[in-house]
Structure formats: structure tokens, C-alpha cells
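Have a look at the structure below before the remarks.
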Amino acid sequence: MKLVGKKEQAYASLDMESPHVVPVRRSNSNSLSNVQLSPSAASTISIGSERGSAFSSQGRRDSDDGVRPFYNNVANDILAALDGPVRQLAFETKGALLAAGLAATCYLLAWFQAVLIPFFLAIFLMYLVDPLVEVIDVSPKYFLCICTSHGRHARRKSRGCSRALASLVAVSLVCVFFGLLGYITVLSVHALDASAYQTGYNHLVSGVENILDQIGLPVNITTTLHDNVDKVARVVVTETMDLLSVMFVTLIYLTYFLCTRTRASDAGGVWSKIDHDIQRFVTLKCFLSLFVALLVTIVYVSLNVGLAIVWGMLTFILNWIPNVGAMIASVAPICIIAITPSDLMNPMEKFLAMVLPMCFHMFVGNFVEPKVFGKKLEIDPVIVILSLSAWGLLWGVVGMMLSVPLTAAAKIMLSHLKLWPEFVALVEGTYFTRFGDKAGRYKKEEDDRKDFESMEVRTESEKDRANGNHMRA
């Protein structure tokens, strides 16, 4: 039996041949099947091979421990380098998708305006007429509701026929009301003293033409007005016919919505709160518009302004258009006030008739409405003007009237559903208060990081010296 020394065992563990051992001829396949070894040598080689495998695995583990931090650092550097471009790409993609969605929405709103205008106008009128329907439905003793009450004046459990009948009665009352307003308008126009206002008109035109001649701008106002009368009349007739067709479809939608509407108290959940807030906004806005219209009508009637009731109705309608509507409602009567004869209105009365309505609009718009609506229903004036321009561009005058109700409804829905808090804060005018500090903090951290990366390494003494020079400066 041949003993194996320590050197041979070491060489065997390293899978190397000892120079003192005669090499064994191996086959081309490097297989050990043809090697004849003694049992002790085989055991020695197997022990050595196990130690060799353990040594090699330990070596690989040490090498992996040294390489892994390197690859981690490289990966972190790559991610840090790609962080800015990826964020920029995500921001640009999000902005592009938002712009594309907004453009598609505006295109669809403009394309389907013939259907959407009566639809949204009917929803708007539904919130106005629904309190009247509730009153009729709650108090059947004042109405012939035989089909459901059967002589009993208690509140009915079934809302089917009663709700439909109350809705039809309410819509009929609304139609009668607008018919009376139209009849009053016709009577007001016929009650005007046309000859007196014609005289005042001639004096006003001659005075303006004299002033323009003195300035050096010879313009014949009468000829210019007569040339544009046909165009104005054609536009008025076209818009009136379109308005009548829209109102007819709106009445059909309104009747259906009132008959099938579910009470806010019966809905429950978030949608009940949304419905309640929208109802509150529309009702309060209606009462405030009616209040301003009554004040303006009283002033015009007391000062003998022509078409006083017409201007009051126009004030009620235009007050739904914020800022611009109040301006139009205040400026439009100035035309007839200016041509009113002096025997009907003296200069002081004309001045009061021009100034007082503006004061009413300013007082209600700037002091009363913020207190009544509260912070929950408040809309920033800049957003009001933007929504007014956007909806007016899409749907014309009707869009301008519906701009604030639609914007307020969207704000109420998003605030209750906890969606897009940035948009809600932007509509309220509190975006920079709520989100500006966070954006500023992120911006400051980003600027500090960039300054730290770009600045030169300085010693503490240099930093103190620079700070001292800055303080002395």
C-alpha cells in the first residue's frame, strides 16, 4: 500500500498533478473510468476533491461579495441618470394626453351642441322648478289629485302618478309665467311714447355727429345705422327661431326629468350630498338674481325709465352670467336712458338710473354672494371668466348662462368624490395656498441638489469667509 504525502494531497485537492507522481494516461474524454486506483487512493482523491469544491465555492462567494456592490452602484447610477429624463417624459406624456382629451371633449361638445344644449338646460331648469313640484306634491289639498289621494290629504306613499301630475302642473305654470312676461314686454313696448323718444334720439345723434366733426371724424351715424338695420333684424329673427326650437325640446326634457327624478333624501350616500349642494347653489343663485332684478325694476320704475320691467327680466337672466352679465345688464338700459326726453327724466335722474344698478350688482356680487354661498360653493373670478369664455365659445349665449352652474356642479361632484383635488383647489382659488408650499419645497430641494452637484468643494474656512462677506455686503 502506497502512502500519499501532504504535498500530493494538496496537489490533489487543487486538481493538479504532483511532479513526484508519474502522470496517469487519460482518455480523450477526460474520464476517470479507465484509471485503476487503490481504495485508499480513491478515498484520498475524493476527500481532496470535496475540499477543492468547497475551496472553489468559497472563492466564488468572496468574488461575488466583491462584485455585487459594484453592480449595485452601477445600477443606482444608471437609475439616477435616467430619473430626470423619465420624469420629464412622463410629464410630457401626461400633458399630451390631457391636451388631447380636452381637445376631443371640446370637439364633441361643439359637434353635439344641438342635443346637449337642451339637455343641460333642462337639467338646470329642473333644479329651479323642482321646489315647485315638491310644494304641489306635498300639498294635494290645493290641487285635484284624485287619482292617487282618493280624498285623503295625507302625504302619499306612492310617487308615480302624483309626481307626474305635479310635474305637468309645474311645467304648465312655468309656461304661463313666461307667457305673461312676454305679454308684459309687448305692453311695455306699446306704452312707449315713440315720438318723444324719436326726438331724443335725433338730438343725441346730432350732438354726437357734431363732436365727431370737431374731432375730425366725419361720420353719418344715421346712415350707418340704417345700413345695418337689415343685418341686425336678420340676426335677431334667426336667433329667436333657434331659441324657440331649443326651448321646445328643453320643455320635453324638463317634463321627463321632473317626472322621473328621485328625491335627494331618498338617494342616500355621496350622490345625495352632491344633489343637495347643486340644488342649494341653483336655488340661492335664483333668489339672488331675483333680488337684484326686483331692485333694478323698482329703481327704473321710480325714475320713469322706459321698458323698466323688460330691463328687470333681462337683469334676472343676465345675472346668471357672472361679471359680464352684470355689465351688460347695467349698460344696455343706458341706450334708452340717453334718448329719454328731458321732460320725463332730468339729468340727475338719468345719472341715478345709470349708477344705482351698477352699485346693486357690485354689492351683491362682491359681498352678498360670498357670504351666502360660503367657501364650499365659491368660485375664483379668474376661473369664472375662463369658463365663461370657453362655454360661450362652444355654445354661445346659452353656454355663457350655463357656465357657472356647470363649473359649480363639476366642482361639487369632484370635491365629494375626492377626485382631482388640484382642480377643485384651482376652481376655489386656493391652489397656491394648499399645493404651492409643497411645490415650493420640492423646487427648493431640487435647486439645492443641483447647486450641490455643481459647486466646487471648499473648506470650512472658505465657506465661513464667503458667508461673512455676504453678511457684510
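1 is the number of the first residue of the sequence shown in the UniProt record's numbering; add one for each residue after it.
Glycine residues also receive a C-beta, built at the ideal position from the N, C-alpha and C atoms.
- [ ] Leaving out five residues on either side along the sequence, give the residues of the same chain with a beta carbon under 6 Å from the beta carbon of SER342.
- [x] Indexing the sequence shown from 1 puts residue 342 at position 342. There are no such residues.
- [ ] Would you give the residue range spanned by the alpha helix (DSSP H) that SER330 belongs to?
- [x] As a position in the sequence shown, residue 330 is number 330, starting the count at 1. Unbroken alpha helix (DSSP H) run through SER330: 324-338.
Task: Where LYS371 falls, given that 16 or more other Cβ within 10 Å makes a residue buried - done: Taking the first residue of the sequence shown as 1, we reach residue 371 at position 371. Flag for LYS371 reads exposed.
Task: Where ASP77 sits in the DSSP three-state scheme - done: Along the sequence shown, one-based indexing puts residue 77 at 77. Reduced to three states, the DSSP call for ASP77 is helix.
Open item on the list: Rounded to whole angstroms, what is the Cα-Cα separation between SER389 and GLN113?
Closed with: Position 389 of the sequence shown, counting from 1, holds the residue named residue 389. Position 113 of the sequence shown, counting from 1, holds the residue named residue 113. So the alpha carbons of these two residues sit roughly 16 Å apart.
TODO: Determine the contact status of SER167 and LEU258, defining contact as a CB-CB distance below 8 Å.
DONE: Against the sequence shown, residue 167 aligns to sequence position 167. Against the sequence shown, residue 258 aligns to sequence position 258. Yes, they are a contact pair.
Open item on the list: When you compare the CB positions of VAL299 and ALA353, do they come within less than 8 Å of one another, or not?
Closed with: Numbered from 1 along the sequence shown, position 299 holds the residue referred to as residue 299. Numbered from 1 along the sequence shown, position 353 holds the residue referred to as residue 353. Yes, they are a contact pair.
- [ ] Keeping to the same chain, check which residues put their C-beta closer than 8 Å to that of PHE248; ignore five residues upstream and five downstream.
- [x] The residue given as residue 248 occupies position 248 in the sequence shown. Cβ within range, chain order: n/a, list empty.
Open item on the list: Mapping the DSSP letters down to three states, classify PHE112 as helix, strand or coil.
Closed with: As a working note, residue 112 is residue 112 in the sequence shown. Reduced to three states, the DSSP call for PHE112 is coil.
Open item on the list: Contact criterion: CB-CB distance below 8 Å. Does THR199 meet it with respect to chain B?
Closed with: Going by chain labels, chain B is absent from the structure shown, which holds only one protein chain.
Task: Span of the alpha helix (DSSP H) around PHE363 - done: Position 363 of the sequence shown, counted from the start, is the residue given in the question as residue 363. Looking at the DSSP string, the run of the alpha helix (DSSP H) that includes PHE363 is 347-363.
Task: Presumed contact (8 Å Cβ cut-off) between SER188 and VAL305, rounded CB distance - done: Translated into positions along the sequence shown, residue 188 becomes position 188. Translated into positions along the sequence shown, residue 305 becomes position 305. Not a contact, Cβ separation roughly 11 Å.
Task: residue 478 in three-state terms, based on DSSP - done: No answer is possible for residue 478: the residues shown for the chain start at 1 and end at 473.
Task: Bounding residues of the alpha helix (DSSP H) (the contiguous stretch that carries PRO370) - done: The residue labelled residue 370 in the question sits at position 370 within the sequence shown. Run containing PRO370: 369-373, per the alpha helix (DSSP H) assignment.
TODO: Determine the direct distance from the alpha carbon of LEU394 to that of VAL292, and round the result to whole angstroms.
DONE: Here residue 292 refers to the residue found at position 292 of the sequence shown. Here residue 394 refers to the residue found at position 394 of the sequence shown. Taking the straight line joining both Cα atoms gives about 28 Å.
Task: 7 Å Cβ shell around CYS284 - same chain, five flanking residues per side excluded - done: If you number the sequence shown from 1, residue 284 lands on position 284. The question names Cys, but residue 284 is Leu in the sequence shown. Excluding positions up to five away in sequence, the list reads VAL372, PHE373.
Task: Any 3 or more C-beta pairs closer than 8 Å across the region 196-216 and the region 355-364 - done: no
Open item on the list: Using the Cβ count rule (16 or more neighbours within 10 Å means buried), how would you classify MET313?
Closed with: The count along the sequence shown starts at 1 and reaches residue 313 at position 313. Per the 10 Å Cβ criterion, buried.
Task: MET348 versus ILE337: straight-line alpha-carbon distance, rounded - done: On the sequence shown, position 348 is the one that residue 348 refers to. On the sequence shown, position 337 is the one that residue 337 refers to. Between MET348 and ILE337, the C-alpha separation is close to 12 Å.
TODO: Run the CB neighbour count on TRP320, radius 10 Å, all protein chains shown included, and call it buried at 16 or more, exposed below.
DONE: Here residue 320 is taken as the residue at index 320 of the sequence shown, counted from 1. Buried, because 16 or more other Cβ atoms sit within 10 Å of the Cβ of TRP320.
- [ ] Determine the DSSP secondary structure at GLY399, reduced to helix, strand or coil.
- [x] Mapped onto the sequence shown, residue 399 falls at position 399. It is helical.
Task: Assigned exposure category for PHE124 - 16 Cβ within 10 Å defines buried - done: Here residue 124 refers to the residue found at position 124 of the sequence shown. With 16 or more Cβ atoms within 10 Å of its Cβ, PHE124 is classed as buried.
TODO: Drop a sphere of 10 angstroms on the beta-carbon of residue 479, count the other beta-carbons inside from all chains shown, and report buried for 16 or more, exposed for fewer.
DONE: The chain is shown only over 1 to 473; residue 479 falls outside these bounds and no answer can be derived.
- [ ] Please report how far the alpha carbon of GLN198 lies from the alpha carbon of THR255, in whole angstroms.
- [x] For this step, residue 198 is matched to residue 198 along the sequence shown. For this step, residue 255 is matched to residue 255 along the sequence shown. Taking the straight line joining both Cα atoms gives about 45 Å.
- [ ] Express the C-alpha separation of GLY429 and ARG87 in angstroms, rounding to a whole number.
- [x] Looking up residue 87 in the sequence shown gives position 87. Looking up residue 429 in the sequence shown gives position 429. If I take the Cα positions, the gap works out to 27 Å.
- [ ] Mind listing, in chain order, the continuous alpha helix (DSSP H) runs of no fewer than 4 residues lying wholly within the region 158-200?
- [x] 160-191
- [ ] Run the CB neighbour count on THR93, radius 10 Å, all protein chains shown included, and call it buried at 16 or more, exposed below.
- [x] The count along the sequence shown starts at 1 and reaches residue 93 at position 93. THR93 comes out exposed.
- [ ] Over the uninterrupted alpha helix (DSSP H) stretch that includes LEU426, give me the two end residues.
- [x] Position 426 of the sequence shown holds residue 426. Note, LEU426: alpha helix (DSSP H), 421-428.
Open item on the list: Between the alpha carbons of ASP275 and ASN323, how many angstroms are there, rounded?
Closed with: By one-based count along the sequence shown, residue 275 stands at place 275. By one-based count along the sequence shown, residue 323 stands at place 323. Using only the alpha carbons, I get a separation of about 26 Å.
- [ ] Find the nearest neighbour of VAL331 within the set VAL355, ILE317, SER387, judged by alpha-carbon distance.
- [x] The count along the sequence shown starts at 1 and reaches residue 331 at position 331. With distances taken between Cα atoms, VAL331 lies closest to VAL355.
TODO: My understanding is that ASP380 touches VAL427, with C-beta atoms under 8 Å, so please give their C-beta distance in whole angstroms.
DONE: For the purposes of this step, residue 380 is taken as the residue at position 380 of the sequence shown. For the purposes of this step, residue 427 is taken as the residue at position 427 of the sequence shown. Indeed they touch by this definition, with Cβ atoms about 6 Å apart.
TODO: Consult DSSP for PRO85 and reduce its assignment to one of helix, strand or coil.
DONE: Your numbering for residue 85 matches position 85 in the sequence shown. Three-state result, PRO85: helix.
Open item on the list: Please report the distance separating the alpha-carbon of residue 491 from that of PRO85.
Closed with: The structure shown does not extend to residue 491, since the chain is modelled only from 1 to 473, so the question has no answer here.
Open item on the list: Just to check my reading of the structure: PHE120 and LEU402 have Cβ atoms closer than 8 Å, yes? What is that Cβ distance to the nearest angstrom?
Closed with: Your numbering for residue 120 matches position 120 in the sequence shown. Your numbering for residue 402 matches position 402 in the sequence shown. 6 Å between Cβ atoms; contact.
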